[in-house]
Amino acid sequence: MLYRIFKFLFYLTVKGYFRSIHIKGMAHIPSSGPVIFVANHTSAFMDPILLGVHIKRSIYFLARGESFKSKIASTLFGWLNMIPIYKPDISPDEVHKNKQIFSRCFEHFAQGKTIMIFPEGVSKTERKLRPIKTGTARIALGAEDQYNFKLGVKIVPVGINYSNPHYFRSDVFIDFGAPIELQEYQSDYMAHPFETAQALTEVIRTQLERMTIVVNDQSLDPLVKDIERLYRSTLREDMPEEHKAAQDFYLSKEIVKAVTFHKQIRPKQTLAFQQRIRQYLHALDRLQLSDAVIRNPGQYAKSLGAAIYFILGFPLFIYGYLVNILPYKTAEFLSRKVSVRKDFIGSMKLAFGMFVFLLFYIVQILFIISLTKWYWGLLFALSLYPCGLFAVNYINQWYRLRGHLIFRRLYSKKRNVINRLQVMRNGLLEELDEGRLLYLESKLD
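Its first residue numbered 6, the sequence shown is counted upward by one per residue in our numbering.
Below, the structure written as structure tokens:
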């Protein structure tokens with residue numbers, strides 16, 4: 006019961022936290038039977054929450070055993086479908102309990118249940134896949150072995166790709182891959198269980214790497230992000246049939262490969278280009294401009310639809326802002342006051358947001374009911390969440406409009422600054438086009 010309540014509340018919270026959530030491959034999730042979901046792990050509790058609210062089936066999660074030390078925590082986590090697992094480097098005195106945990110997982114699969122595992126074993130906010138542990142393969146193959154490979158356990162790989170999990174109103178792309186069947190491993194496992202578990206682990210690693218953006222050389226990540234910011238909008242024009250989130254994912258993977266290629270064959274030119282693109286983007290940030298307004302100046306500011314939106318939507322924005330600003334600021338304040346590891350930042354914001362907004366909403370609803378009738382309180386309750394989302398969108402649209410207004414003011418007073426930025430941008434695009442052709446030619450060789 007508690008699991009379902011939290012799933013609903015976190016679903017609303019996740020929808021409000023992210024600007025866009027695009028999910029691909031939901032058809033790959035079996036509607037019944039035992040399933041192990043394996044996913045990359047970049048944002049602590051954010052990852053299981055995000056997947057848990059979007060997968061229709063009830064999920065059990067393998068979680069770090071040291072979190073279950075107190076009786077209260079152990080009981081609460083049990084209600085939330087969490088199962089402890091112990092790591093030799095963290096809880097060496099309790100590793101022996103894993104044998105019992107594995108048996109419990111086997112029983113879950115025999116009952117057709119699902120388990121979520123993050124096989125990297127630790128979360129870290131990097132676009133990098135850390136070494137995959139063999140635990141997933143050992144649990145899956147061990148369960149099948151115990152039931153003579155008749156369970157039909159399937160392993161579904163999941164790639165989670167955030168624009169930035171710690172920024173409010175960021176984007177996320179989730180990709181569910183085709184299930185990995187275990188029947189083909191039966192004869193090998195009977196003969197060589199250890200080697201077969203390693204082979205299956207390598208298959209899981211390969212699938213996750215294919216479904217995530219991996220920058221093995223972290224020194225290149227700033228350059229990759231700068232190119233994404235400047236060049237992805239141009240590259241999207243060649244992929245009109247794809248959703249924007251999927252476009253950005255595939256393009257980012259190619260950008261990583263291209264940047265790696267150029268660093269290897271032209272390290273000095275790559276470094277010089279990195280300095281020039283950083284100079285251009287830094288100039289935009291200093292002037293409070295986006296690359297989009299340089300690419301397509303003035304169009305939004307001249308839009309009649311934008312004017313109508315801001316005029317007619319203003320009363321609704323004021324209402325949504327007033328009833329949501331206090332819980333928003335409170336959650337923001339609490340998130341800043343709690344010191345956590347970087348990979349927990351987004352998770353803390355999400356958790357504080359859910360509990361703080363829920364508390365403030367209840368208080369406000371009770372207050373309205375005390376002043377009026379119950380049906381006005383109900384109407385007020387139904388308006389809080391959607392009007393809050395409208396207020397957030399209104400503010401985002403205002404910042405977008407403001408960027409165009411700033412551009413027009415600069416263009417009228419300091420046209421040489423804008424001209425210089427456009428020249429810089431065109432030069433960078435020419436270099437990127439040339440580099441792209443060189444990279445594509447190398448793939449043909």
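For each residue, glycine too, the CB sits at the ideal point set by N, CA and C.
Model, not experiment: these values are computed from the prediction.
**Message:** Looking at I88: is its Cβ nearer than 8 Å to the Cβ of F66?
**Reply:** On the sequence shown, residue 88 is found 83 positions in, with the first residue counted as 1. On the sequence shown, residue 66 is found 61 positions in, with the first residue counted as 1. With respect to F66, I88 sits close: the two C-beta atoms are nearer than 8 Å.
**Prompt:** Could you give the distance in angstroms between the alpha-carbon of K133 and the alpha-carbon of P124?
**Reply:** Here the question's residue 133 lines up with position 128 in the sequence shown. Here the question's residue 124 lines up with position 119 in the sequence shown. Spanning the two alpha carbons is a distance of roughly 13 Å.
**Asked** Just how far apart, CA to CA, sit T201 and F82?
**Response** Residue mapping note: residue 201 aligns to position 196 of the sequence shown, counting from 1. Residue mapping note: residue 82 aligns to position 77 of the sequence shown, counting from 1. Spanning the two alpha carbons is a distance of roughly 33 Å.
**Request:** Report buried or exposed for A32, applying the criterion of at least 16 other Cβ atoms within 10 angstroms of its Cβ.
**Result:** Residue 32 sits at position 27 when you count from the first residue of the sequence shown. Exposed: under 16 other Cβ atoms inside 10 Å.
**Limits of the unbroken alpha helix (DSSP H) element including Y444** = Residue numbering aside, residue 444 sits at position 439 when the sequence shown is read from its first letter. 420-449 is the span of the alpha helix (DSSP H), which, as asked, contains Y444.
**Item:** Rounded straight-line distance, which links the Cα of A336 to that of I367
**Value:** Within the sequence shown, the letter at position 362 stands for residue 367. Within the sequence shown, the letter at position 331 stands for residue 336. When the Cα atoms are used, I367 and A336 turn out to be separated by approximately 16 Å.
**Request:** Taking N153 as the reference, give the member of Y236, T47, P170, Q188 with the closest Cα.
**Result:** For this step, residue 153 is matched to residue 148 along the sequence shown. Nearest of Y236, T47, P170, Q188 to N153, Cα basis: Q188.
**Request:** Would you decide whether E435 is buried or exposed? Buried here means 16 or more other CB atoms lie within 10 Å of its CB.
**Result:** In the sequence shown, the residue the question calls residue 435 occupies position 430. Looking at its Cβ environment, which holds fewer than 16 other Cβ atoms inside 10 Å, E435 is exposed.
**Request:** With DSSP as the reference, please indicate the residues paired to N166 in a beta bridge.
**Result:** Taking the sequence shown and counting its residues from 1, one reaches residue 166 at position 161. According to DSSP, which records beta bridges pairwise, N166 is partnered with F178.
**Prompt:** So what's R69 in DSSP terms, helix, strand or just coil?
**Reply:** As a working mapping, residue 69 is identified with position 64 in the sequence shown. The answer is strand: DSSP assigns R69 an E or B state.
**Prompt:** So what does M87 bridge to, in DSSP terms?
**Reply:** Position 82 of the sequence shown, counting from 1, holds the residue named residue 87. Paired residue(s): F66.
**Request:** Could you tell me which of I218, E247, E246, D222 sits nearest to E233, measuring between CA atoms?
**Result:** Start at 1 with the first residue of the sequence shown, and residue 233 comes out as number 228. For the residues I218, E247, E246, D222, the minimum Cα distance to E233 belongs to I218.
**Request:** For my contact list, L56 and M121 are in at a C-beta cut-off of 8 Å; report their separation, rounded to the angstrom.
**Result:** Within the sequence shown, residue 56 is the residue found at index 51, counting from 1. Within the sequence shown, residue 121 is the residue found at index 116, counting from 1. About 6 Å; that satisfies the 8 Å criterion.
**Prompt:** Which value, in whole angstroms, describes the spacing of the CA atoms of L383 and L371?
**Reply:** Start at 1 with the first residue of the sequence shown, and residue 383 comes out as number 378. Start at 1 with the first residue of the sequence shown, and residue 371 comes out as number 366. Here the alpha carbons of L371 and L383 stand approximately 10 Å from one another.
**Asked** Taking one C-beta from the segment 238-255 and one from the segment 203-211 each time, how about it: are there three or more such pairs within less than 8 Å?
**Response** Too few Cβ pairs lie closer than 8 Å, so no.
**Prompt:** Residue range of the beta strand (DSSP E) that M51 falls in?
**Reply:** If you number the sequence shown from 1, residue 51 lands on position 46. Per DSSP, M51 lies in no beta strand (DSSP E); the unbroken alpha helix (DSSP H) holding it starts and ends at 51-59.
**E125 (DSSP reduced to helix, strand or coil)** = Counting from one through the sequence shown, the residue named residue 125 turns up at place 120. Residue state for E125 is assigned as coil, using DSSP reduced to three classes.
**Prompt:** For P198, which option in Y255, H287, A142 has the closest C-alpha, if you only look at C-alpha atoms?
**Reply:** The sequence position of residue 198 within the sequence shown is 193, counting from 1. Measuring from the Cα of P198, the nearest candidate turns out to be A142.
**Asked** Straight-line CA distance for A204 to V158?
**Response** Along the sequence shown, one-based indexing puts residue 204 at 199. Along the sequence shown, one-based indexing puts residue 158 at 153. Straight-line Cα distance between these residues: approximately 17 Å.
**Message:** Between K419, K273, L146, W403, which has its C-alpha nearest I316's C-alpha?
**Reply:** Working through the sequence shown from its first residue, we reach residue 316 at position 311. The candidate whose alpha carbon is nearest that of I316 is W403.
**Request:** Using the Cα positions of I109 and K268, report the straight-line distance between them to the nearest angstrom.
**Result:** Here the question's residue 109 lines up with position 104 in the sequence shown. Here the question's residue 268 lines up with position 263 in the sequence shown. The sequence as given places Arg at residue 109; Ile does not occur at that position. In this structure, the straight-line span from the alpha carbon of R109 to that of K268 is close to 49 Å.
**Prompt:** Could you give the distance in angstroms between the alpha-carbon of D253 and the alpha-carbon of N166?
**Reply:** Start at 1 with the first residue of the sequence shown, and residue 253 comes out as number 248. Start at 1 with the first residue of the sequence shown, and residue 166 comes out as number 161. If you take the alpha carbons of D253 and N166, they lie about 10 Å apart.
**Request:** May I ask you to report which of helix, strand or coil DSSP gives V465?
**Result:** This structure leaves residue 465 out entirely; the chain is present only between 6 and 450.
**Prompt:** To which residues of the same chain is V163 closer than 6 Å at the C-beta, ignoring the five residues directly before and after it?
**Reply:** Counting from one through the sequence shown, the residue named residue 163 turns up at place 158. Around V163: F42, A44, F181.
**Asked** Comparing alpha-carbon positions, which option in I185, T239, G147, F178 lies nearest Y194?
**Response** Here residue 194 is taken as the residue at index 189 of the sequence shown, counted from 1. Checked all of I185, T239, G147, F178; the closest Cα to Y194 is G147.
**Asked** Which residue from E99, H59, K258, S447 puts its Cα closest to that of R69?
**Response** Position 64 of the sequence shown, counted from the start, is the residue given in the question as residue 69. Answer by Cα proximity: E99.
**Request:** May I have a chain-ordered list of the alpha helix (DSSP H) segments no shorter than 4 residues that lie completely inside the segment 365-420?
**Result:** DSSP runs (the alpha helix (DSSP H)) wholly in the segment 365-420: 379-418.
**Prompt:** Is the Cβ-Cβ distance between M456 and V345 less than 8 Å?
**Reply:** Only positions 6 to 450 of the chain appear in this structure, which leaves residue 456 out of reach.
**Asked** Using a Cβ-Cβ cut-off of 6 Å (strictly less than) and excluding sequence neighbours within five positions of P39, which residues of its own chain qualify?
**Response** Residue mapping note: residue 39 aligns to position 34 of the sequence shown, counting from 1. The beta carbon of P39 is closer than 6 Å to those of F114, G117, L156, V158 in its chain, skipping five residues each way along the sequence.
**Request:** Classify H267 as helix, strand or coil using the three-state DSSP reduction.
**Result:** Reading the sequence shown from its first residue, position 262 is the one you call residue 267. DSSP places H267 in helix when its eight states are reduced to three.
**Asked** Between which two residues does the beta strand (DSSP E) carrying I28 extend?
**Response** Your numbering for residue 28 matches position 23 in the sequence shown. Residues 25-29.
**Message:** Within the continuous alpha helix (DSSP H) that includes A142, where are the two ends?
**Reply:** Numbered from 1 along the sequence shown, position 137 holds the residue referred to as residue 142. Under the DSSP assignment, A142 falls in the alpha helix (DSSP H) whose first and last residues are 140-151.
**Item:** For V229, the three-state DSSP class (helix, strand or coil)
**Value:** Indexing the sequence shown from 1 puts residue 229 at position 224. In this structure, V229 counts as helix in the three-state DSSP scheme.
**Prompt:** In three-state DSSP terms, what is K159?
**Reply:** In the sequence shown, counting from the first residue as 1, residue 159 sits at position 154. In the three-state scheme derived from DSSP, where H, G and I count as helix and E and B as strand, K159 is classed as strand.
**Request:** Grab the span of the alpha helix (DSSP H) containing V298 for me, first residue to last.
**Result:** Within the sequence shown, residue 298 is the residue found at index 293, counting from 1. In the DSSP assignment, V298 falls within the alpha helix (DSSP H) that extends over 296-300.
**Asked** Taking Cβ to Cβ, would you say G21 is nearer than 8 Å to G351?
**Response** In the sequence shown, counting from the first residue as 1, residue 21 sits at position 16. In the sequence shown, counting from the first residue as 1, residue 351 sits at position 346. Contact: no.
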